[in-house]
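Only one structure is covered here, and it is reproduced in the block below.
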DNA sequence: GCGAGGATTGTGAGCGGTCACAACACGGCC
DNA sequence: GGCCGTGTTGTGACCGCTCACAATCCTCGC
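Protein chains in written order, with the working numbering: chain Z, 99 to 454; chain U, 99 to 454.
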């Protein structure tokens with residue numbers, strides 16, 4: 099079945115009813131019988147405007163349907179209420195949710211938000227420069243390698259904040275940033291599994307956001323720490339990718355090993371793939387194997403078995419990142435301490451005690 | 099387990115290395131010993147500039163790190179290479195994927211993209227005016243009521259294109275728009291189910307994008323037509339929502355009725371919820387009941403049973419919508435005929451013949 | 001050797017706002 | 001009545017770029 103898409107041109111070629119160009123501040127001034135500066139005062143509500151004058155101007159504004167030209171305002175004032183989000187992905191749950199939270203906060207503050215997707219193909223510096231040229235500030239989503247690289251290259255004179263996977267180890271971060279403590283969360287999840295009686299926990303990793311630094315990926319790190327603290331040698335992590343396919347691939351290998359009874363996954367998509375692989379291999383969840391995801395994507399509670407996972411407050415992350423940026427843009431704005439809901443282990447059906 | 103989020107301020111309070119304000123066209127002119135207009139000519143590559151002059155100017159541009167100020171350019175030229183997407187959602191798969199396709203096309207064409215989320219709370223007209231004030235054009239994602247309403251209210255003098263659920267019945271649409279023929283797709287999916295031997299097919303609907311118009315929702319319409327053509331009286335559609343929870347709620351009711359053996363869902367999330375409800379009711383899929391989704395979200399093939407669904411080319415939809423807008427913005431750009439991949443029924447594990 | 005005409009370059013104005021400052025009005029004070 | 005301070009309004013310049021047009025330079029043909 100192939101049915102093609104359709105287009106409609108939108109009626110007869112654009113007779114365009116009212117093609118008047120929009121009223122300017124001077125048009126309003128003329129209509130109200132005042133100078134353009136007075137109009138400017140009214141729209142910025144300066145205190146010193148006689149009440150009656152103000153009323154006249156406001157009427158003129160109303161009747162002409164005047165709206166201040168954002169471009170001209172930006173040029174003259176140097177203020178651009180704009181955030182551009184740099185991200186390598188817009189569809190994956192973590193990214194999309196962060197973006198959503200950010201957009202909401204930005205909208206509430208009267209900012210408009212732009213999105214610019216990062217790809218390995220195009221020149222990072224050029225991309226950043228273009229985004230920065232829009233005025234306003236940047237928020238970089240640095241969950242992955244590409245985003246982290248972009249963050250490193252933002253020129254120091256452009257306002258910028260970031261949502262990252264983890265703080266850069268040791269050195270003070272180059273930029274204001276927010277993150278959730280998923281190292282601790284991963285550790286707790288692993289301990290939970292251990293507490294259930296599983297002799298060890300295997301880890302299906304998401305790609306690291308930093309180079310090959312040892313101390314990198316916090317989720318992996320938390321998992322490792324928990325195992326070591328329990329006196330267990332961490333098995334080699336697997337996984338190479340973000341999506342369910344990658345999870346499936348990793349899961350196939352793990353499923354073949356009868357000693358594998360507990361698997362922690364770097365995100366819910368991976369977990370979904372793992373679940374699938376386990377199913378194909380005839381191993382039951384949670385009977386034979388327990389699986390934990392990460393992120394708590396909306397559908398995770400509806401799959402069968404419902405996925406035990408770590409809920410992360412991506413929306414809050416996006417909101418906070420915006421606040422951090424706003425703090426740089428508006429001198430009199432003091433960003434609130436980020437109030438993220440902490441990571442939370444959501445126990446559902448994919449985990450169970452080891453029936454030894 | 100509650101672990102809080104973290105922030106880092108980004109080192110000592112912004113010593114801001116090179117706080118020079120960026121070079122302007124006149125700075126470059128001075129450095130190159132020419133007039134600012136010549137610089138303007140170079141950056142717009144006008145033909146009549148002596149080769150040697152051009153070279154000198156280019157060197158000056160390079161050494162000063164000049165980049166044309168986008169705001170000033172927009173103000174002076176009246177050209178804003180900007181698309182603002184109006185959408186009520188950014189996370190649901192159909193929306194996110196459309197946005198993704200659009201962003202990609204826009205980026206390739208040198209446009210920057212803005213996103214503005216529509217909510218029932220804030221004033222539609224004001225929102226639209228704000229978005230339009232950014233210059234550039236609008237693309238409205240009109241899959242739902244809110245989006246469709248927004249589309250209707252975009253003033254006729256602002257360039258705008260739309261991705262919609264279906265063409266407005268009868269009357270020529272107010273705006274250039276793209277859509278996929280999901281009516282036909284729904285019909286084919288229903289016929290497939292009927293062909294499998296199911297006496298009837300139940301439908302779990304997504305919320306309609308138009309008012310209470312009879313001819314509205316194309317997916318529902320296709321389903322209805324297929325049933326009627328087969329001489330079956332369509333059972334009342336259920337469902338009120340977009341997400342898995344809504345699917346689950348609808349699914350519970352359906353699961354209780356032993357006569358229900360085939361269910362078509364308005365999207366994959368609903369299908370997921372339905373699957374879950376069926377599972378809870380102890381009815382097997384596809385043994386007892388067959389389920390078909392709509393959209394083919396990335397995870398649908400990894401759930402168990404893998405979901406039979408209708409794949410829709412949202413990315414193509416986004417790309418085409420952008421093309422349509424671009425056609426209005428650039429007089430010499432002729433948008434290509436949209437080349438969407440047609441809807442396609444992807445048969446997986448959630449459907450099977452009726453074992454009568 | 002000189003004028004025509006195209007190639008090159010420069011000047012002025014303006015996009016639609018803002019800022020800084022000057023000008024004018026008014027009332028109260030001595 | 002003159003002076004001052006405050007409230008109110010208007011003028012000029014400018015943000016960084018584009019447009020339209022004028023000015024200058026060449027090169028060519030006769």
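Glycine included, every Cβ here is placed at the ideal spot set by N, Cα and C.
- Leaving aside the five residues that flank residue 370 of chain Z on each side, the residues in its chain whose CB is nearer than 7 Å to its CB run, in chain order, 342, 345 and 401.
- Considered as a whole, the stretch 336-370 of chain Z harbours 342-354 as its complete alpha helix (DSSP H) runs of no fewer than 4 residues, in chain order.
- In this structure, U/333 is the residue among U/333, U/329, U/290 and U/229 with its C-alpha nearest to the C-alpha of residue 302 of chain U.
- Partner residues in the beta bridge of residue 392 of chain Z, as assigned by DSSP, are Z/408.
- For residue 396 of chain Z, a Cβ of chain U is located within less than 8 Å of the residue's own Cβ.
- Taking a cut-off of 8 Å for Cβ pairs, the stretch 177-193 of chain U and the stretch 146-157 of chain U do not touch, as fewer than three such pairs fall below it.
- Looking at the DSSP output, residue 180 of chain Z shares a beta bridge with Z/210.
- With three or more CB-CB distances shorter than 8 Å, the stretch 211-228 of chain Z counts as touching the stretch 177-187 of chain Z.
- Counting along the chain, the unbroken beta strand (DSSP E) around residue 443 of chain U starts and ends at 442-444.
- Going by C-alpha positions, residue 137 of chain U is about 12 Å away from residue 160 of chain U.
- Residue 301 of chain Z is bridged by DSSP to Z/362.
- For a Cβ distance threshold of 7 Å, residue set 402 of chain U lies close to residue 377 of chain Z, ordered along the chain.
- Contiguous alpha helix (DSSP H) elements confined to the stretch 198-246 of chain Z occur at 222-231, taking only those with 4 or more residues.
- Per the coordinates, the alpha-carbon of residue 439 of chain U lies some 6 Å from the alpha-carbon of residue 411 of chain U.
- With the criterion set as a beta carbon lying under 9 Å from some beta carbon of chain Z, the members of the stretch 191-205 of chain U are 191, 194, 195, 197, 198, 201, 202 and 205, in sequence order.
- For the stretch 336-348 of chain U, residues whose beta-carbon sits nearer than 9 Å to a beta-carbon of chain Z comprise 341, 342, 343, 345 and 346.
- DSSP, reduced to helix, strand and coil, places residue 252 of chain Z outside both helices and strands of the structure shown, so it counts as coil.
- Nearest neighbour of residue 403 of chain U by Cα position, chosen from U/387, U/420 and U/260, turns out to be U/387.
- Residue 227 of chain U reaches chain Z at 165, counting residues in chain order whose Cβ is nearer than 7 Å.
- Look at residue 315 of chain U here: in three-state DSSP terms it is coil, with no helix or strand label.
- In the DSSP secondary-structure assignment, residue 259 of chain U is bridged to U/237.
- The continuous stretches of alpha helix (DSSP H) do not include residue 276 of chain U, which lies in the beta strand (DSSP E) extending over residues 275-277.
- Excluding five sequence positions before and after residue 275 of chain U, the CB atoms of its chain that fall closer than 6 Å to its own CB belong to 260 and 262, given in chain order.
- Rounded to whole angstroms, the Cβ separation of residue 441 of chain U and residue 279 of chain U is 6 Å, and the two are in contact under 8 Å.
- Residue contact with chain Z for residue 405 of chain U: absent (no Cβ-Cβ distance below 8 Å to any residue of chain Z).
- In this structure, residue 245 of chain U and residue 423 of chain U do not form a Cβ contact; the two beta carbons are roughly 15 Å apart against a cut-off of 8 Å.
- In terms of Cβ geometry, residue 451 of chain Z and residue 352 of chain Z do not form a close pair [threshold 8 Å].
- By DSSP's assignment, residue 185 of chain Z forms a beta bridge with Z/215.
- One alpha carbon belongs to residue 175 of chain Z, the other to residue 348 of chain U, and they sit about 54 Å apart.
- Assigned with DSSP and collapsed to three states, residue 163 of chain U falls in coil, not helix or strand.
- Counting along the chain, the unbroken alpha helix (DSSP H) around residue 126 of chain Z starts and ends at 123-130.
- Within chain Z, the residues 194, 195 and 198 have their CB atoms less than 7 Å from the CB of residue 189 of chain U, given in chain order.
- Around the beta carbon of residue 322 of chain Z, 16 or more other beta carbons lie within 10 angstroms, which makes this residue buried.
- Rounded to the nearest angstrom, the gap between the Cα atoms of residue 146 of chain Z and residue 135 of chain Z is 12 Å.
- Rounded to whole angstroms, residue 238 of chain U and residue 257 of chain U show a C-alpha spacing of 11 Å.
- A Cβ of chain Z is located within less than 8 Å of the beta carbon of residue 374 of chain U.
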